[in-house]
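Quick note: the sequence shown uses the numbering used here, first residue 4, plus one each step. No residue lacks a Cβ here, since even glycine has one placed at the ideal position from N, Cα and C.
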Amino acid sequence: MRIDHRGFPPLMKRAAIVLVLIVILIAGTAFTAGPGTLSVLDGVMGGGRGTARVREGVPFGTHGQTLDVWRPSGGTKTGLPVLIFWYGGGWVHGSRGAYAFAARAYAKAGYVVVMPDYRKVPDVRFPAFLQDGAEAVKWTRDHIAQSGGDPTRIAVAGHSAGAYTVAMLTLDERWLKAEGVDPHIIKAAVGLCGPYDFYPFTAKRAIDAMQGAADPVMTQPIHFARADAPPMLLITAGNDTQVKPHNAINLTARLKALGAPVTHIDYPGLSHENVAMALSKPFRGKAPVLADSVAFLNAAMPAR
4 MRIDHRGFPP
14 LMKRAAIVLV
24 LIVILIAGTA
34 FTAGPGTLSV
44 LDGVMGGGRG
54 TARVREGVPF
64 GTHGQTLDVW
74 RPSGGTKTGL
84 PVLIFWYGGG
94 WVHGSRGAYA
104 FAARAYAKAG
114 YVVVMPDYRK
124 VPDVRFPAFL
134 QDGAEAVKWT
144 RDHIAQSGGD
154 PTRIAVAGHS
164 AGAYTVAMLT
174 LDERWLKAEG
184 VDPHIIKAAV
194 GLCGPYDFYP
204 FTAKRAIDAM
214 QGAADPVMTQ
224 PIHFARADAP
234 PMLLITAGND
244 TQVKPHNAIN
254 LTARLKALGA
264 PVTHIDYPGL
274 SHENVAMALS
284 KPFRGKAPVL
294 ADSVAFLNAA
304 MPAR
């Protein structure tokens, strides 16, 4: 029997879409189906309410990268705190649009959010994605005031490979200095399930991504831990089999030994993907990832 869906009322269509997406996500395929699926569900369930993408596909850097800018909607308030968010994907996959759920979550919390793309393997190797990240910070410094952001209150955050970029830009001053940016422009950093201490390389993705390094040790964020680092929040998932929690545990210990401000939060029972999913409205109940990270950011960059 053929069913003509064109006759379905809009509310029924919406309910059907939500039902299908929930089944996909509950089945554990949120990220195998693509984080874009999660962003669609997040939007359908009101995750974008109170936020606006005010700039889309803005070119930056020297290799054709683009970025989006999100902020709270319904006002013209300026001087808002800024968060640059890098998505994950093993240095191979991912796009800024697919992670709109993360941008919307932090925009609703009062941040102007910059979501940049970056070059990926196999087109590039280390350190191209760090260079792209530094160029995104430079663009933010120079242009974010046009979207209501305060360029003196910039924080960085990321998940998985994106958290690697966060840690390297925060701790290894070379990349920002190469772009003429003061490394102290970063006032706080949040790493979600990031790799910070993973040499010798064992995972194929890490081997492929880091093979451009003359000295592999110089690819490791833990090598650049320093006493004057800005406040860092390192979040781990107890059941993470992709990026083991020891990465954050080891970096936390190194930073604490140096006297640097660092906080480690572990969510027992969560997987690598669950931590990112918890930023979305439908799955925020999995763990207080958003609430904990926003509280940390607000404390590091108090309102003026």
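Check                                                                                               : Outcome
Whether Tyr3 touches Leu133 by CB criterion (8 Å)                                                   : Residue coverage of the chain in this structure runs from 4 to 307, which leaves residue 3 outside it and unanswerable.
Beta carbon of Ala192 nearer than 8 Å to that of Val169                                             : yes
Same chain only: Cβ atoms within 8 Å of Gly49, ignoring 5 sequence neighbours per side              : Lys284
Bounding residues of the alpha helix (DSSP H) (the contiguous stretch that carries Pro38)           : 38-47
Within 8 Å, strictly: CB atoms of Ala292 and Leu282                                                 : Position check: residue 292 holds Val in this sequence, whereas Ala was assumed. Result yes, Cβ atoms of Val292 and Leu282 sit closer than 8 Å.
Option in Gly64, Tyr202, Ile147 with minimal Cα separation from Ala181                              : Gly64
Three-state secondary structure assigned by DSSP to Leu83                                           : strand
Sequence-distant residues of its chain with Cβ nearer than 6 Å to Gly262 (five each side left out)  : Ala230
Under the three-state DSSP convention, the category Thr173 falls into                               : helix
Nearest-angstrom Cα separation, counted from Phe286 out to Arg74                                    : 21 Å
Where the alpha helix (DSSP H) containing Met213 begins and where it ends                           : 207-213
Counted within 10 angstroms of its Cβ, other Cβ atoms place Ile68 as buried (16 or more) or exposed : Strictly speaking, residue 68 in this sequence is Gln, with Ile absent from that position. Gln68 comes out buried.
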